[in-house]
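What follows is a short report on a single structure.
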Amino acid sequence: MELSHTSENIANNLQKTQLQWKLPQPIATSDNAANEVKAYEILGWSRFGCYGHRINLIVKHSLLVKEVDRILGKSRKLVTFFHKSSSVTEMLLSKQKLLLNQEQVGHKFIIDVATRWNSTLYMLQRLVEQTPVLMALANDPDLSKTASNTLKNCVFSFQELSIVEKLVELLSPFEKATTILCADKYPTMHKVLPVITKLLRIVELNDEDLPVIKHIKQQMQLEMDKRAVSEDISVIVCMMNPFTKDLNFAPNDRDRARMLLREMVSVLDVNPVQVKQEKVDDKIVPALPSLPSMNSQPEEQVSPDGGSEPDTQPPKTKKLKSADTDDWLDDIVITGETKEPTENTAYLEVERFFGSKLIDEDQNLTVLEWWKKNEIFFPRIALIAKIYLCVPASSVSSERVFSLAGEIVNKKRNRLHHSHVDLLIFLNKNLKYW
């Protein structure tokens, strides 16, 4: 009951926000908390699981290996030791000046945080970088016996160092994937499928892998099979990227994506050229379609080249005239128009999109810039692209706002009015663009 009550509260707050900002029914990106998942089910909204949280769970569960746990325990003890001892830290700095290049001098040790797996990676990277310094410091005669014993017990052995180096090499691509998918200044959903394909190749087993690394890779494969299954929205949005629309890296999803796109485009009726026109009759504009269910049987495709014959009778058309047409010419101009059946034009547009080729100038364009340039050639697909390309692959950007709010509202500023908090957050995020 408590879960249901919490979910209903979340659903009510989301619905109030939608009404306040007059938003269309959105596609929500959220973490995988049970109450949030239930809230979107109550609302009937489409929901996409945050890939920042997914990758975090994949890595965290994969690192639950006995050997790795022992290494991480030693690492945390070593980092805590330096954080508590200023005198040993000063001795560390003098060793850094002797043994490391100028860029690495002054680097401090990093402690990992349970909720952020990448902090574990940063901790290990820093310890690997500082290993020569730690070995030299552990054997320094000026160091106290207690401190020397602590360092000798916590510094990586050669075998452990080999494991840590391979582990850092394995985890670095996941950190890169997190950075790509959690960005908030450009579209990210169309990068989900390529990123997951890349990670799946990285976790493939290799005969040269250490036993511990093989074990971790096997765990990663199991976790990715469970948490990183390609979904309809990530597949269709990847196709919205003209640079990856062929899905050569994911041939199993190619036919699925084409069928999805054809079903979505077939219900749209969009004029290729948007001209200022005067309505003579009421015109019904179809709403943007939702992603079709892959459980339903696909409709028979109508092909102009063969297969099922399309209806040859032209549909009834609305009588329109341009804004500068004289009324005296109504009986001449507004006599109706022949119109290709929607099924035919939609099919041809999709096939033209798949058959289109990129030119050299396109490589300097972002995905959004490409669609702005080519929208007129693919009006139906462009309408779908405008809606689905803006769906973020991660909810991390919104969580950054909450973190910022936590920094603004603290014990010394606990009497700020909520409107002032909203204003300060808005200025922090947008002032640099003015």
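In the working numbering, the protein residues as written are 165 to 598. Don't be surprised by glycine CBs; every beta carbon is placed ideally from N, CA and C. Predicted, not measured: the structure shown is a model, and the values here were computed from it.
Counting C-beta neighbours from all protein chains within 10 Å, is the total for residue i 16 or more, i.e. buried, or is it exposed?
i: Ile545; result: buried
i: Pro479; result: Below a pLDDT of 50, predicted positions are generally treated as unreliable, and Pro479, at 49, falls in that range; the measurement from the model is reported next regardless. Its Cβ having fewer than 16 others within 10 Å, Pro479 is exposed.
i: Gly208; result: exposed
i: Lys272; result: exposed
i: Pro358; result: buried
i: Leu335; result: buried
i: Ala278; result: exposed
i: Phe541; result: exposed
i: Pro351; result: buried
i: Tyr215; result: buried
i: Ser567; result: exposed
i: Val444; result: In this prediction, Val444 scores a pLDDT of 36, lower than 50, which makes its location untrustworthy; the coordinate-derived value is nonetheless stated afterwards. By the neighbour-count rule (16 or more Cβ atoms within 10 Å), Val444 is not buried but exposed.
i: Ala198; result: exposed
i: Asp417; result: buried
i: Lys261; result: exposed
i: Tyr552; result: buried
i: His354; result: buried
i: Glu205; result: exposed
i: His581; result: exposed
i: Glu525; result: exposed
i: Glu267; result: exposed
i: Asn173; result: exposed
i: Tyr511; result: buried
i: Glu427; result: buried
i: Glu571; result: exposed
i: Leu187; result: exposed
i: Asn134; result: Here the chain has residues from 165 to 598 only, and residue 134 is not among them.
i: Thr343; result: exposed
I need the DSSP call for residue i, collapsed to helix, strand or coil.
i: Ile377; result: helix
i: Val277; result: strand
i: Asp348; result: coil
i: Lys440; result: Note that Lys440 has pLDDT 37, beneath the 50 cutoff, so the model's placement of it is unreliable and no number is given.
i: Asn412; result: coil
i: Val635; result: Because the chain spans 165 through 598 in this model, residue 635 falls outside it and cannot be assessed.
i: Asn508; result: helix
i: Arg579; result: coil
i: Ser398; result: helix
i: Gln461; result: In this prediction, Gln461 has a pLDDT of 42, which is less than 50 and means its spatial position is unreliable; what the coordinates show is noted afterwards. The answer is coil: DSSP assigns Gln461 none of H, G, I, E or B.
i: Phe246; result: helix
i: Asp647; result: This structure leaves residue 647 out entirely; the chain is present only between 165 and 598.
i: Leu369; result: coil
i: Gly237; result: helix
i: Ala557; result: coil
i: Leu432; result: coil
i: Phe338; result: helix
i: Val328; result: helix
i: Val602; result: No statement about residue 602 is possible, as the shown extent of the chain runs from 165 to 598 and does not include it.
i: Phe407; result: coil
i: Lys272; result: coil
i: Phe590; result: helix
i: Val223; result: helix
i: Val393; result: coil
Cβ of residue i versus every heavy atom of the ligand COA: is any distance shorter than 7 Å?
i: Glu205; result: In the structure on display, the ligand COA does not appear, and there are no ligands present to speak of.
By the DSSP assignment, the alpha helix (DSSP H) with residue i in it spans what residues?
i: Gln121; result: In the structure displayed, the chain extends from 165 to 598; residue 121 sits before or after that span and is not available.
i: Gly570; result: 560-572
i: Val356; result: 356-366
Taking the runs of the alpha helix (DSSP H) that are 4 residues or longer, which of them lie wholly in the region 279-324? 281-302, 309-318
Touch check for the region 237-255 and the region 219-227: three-plus C-beta pairs under 8 Å? no
Report the residue ranges of all alpha helix (DSSP H) runs contained in full by the region 168-220; include only those spanning at least 4 residues, in chain order. 198-207
Assess contact between the region 185-196 and the region 557-572, defined as three or more Cβ pairs (one per stretch) separated by less than 8 Å. Is contact present? yes
Taking one C-beta from the region 391-410 and one from the region 526-546 each time, how about it: are there three or more such pairs within less than 8 Å? yes
Fully enclosed by the region 518-554, which beta strand (DSSP E) runs are 3 residues long or longer? none
Validate contact between the region 360-368 and the region 379-395 using beta carbons, cut 8 Å, 3 pairs: yes
Measuring CB atoms only, is the region 211-222 touching the region 387-404, in the sense that at least three cross pairs come out at less than 8 Å? yes
On the three-pair Cβ rule with 8 Å, is the region 519-530 touching the region 310-320? no
Is there contact here, the region 292-307 with the region 234-241, by at least three beta-carbon pairs under 8 Å? no
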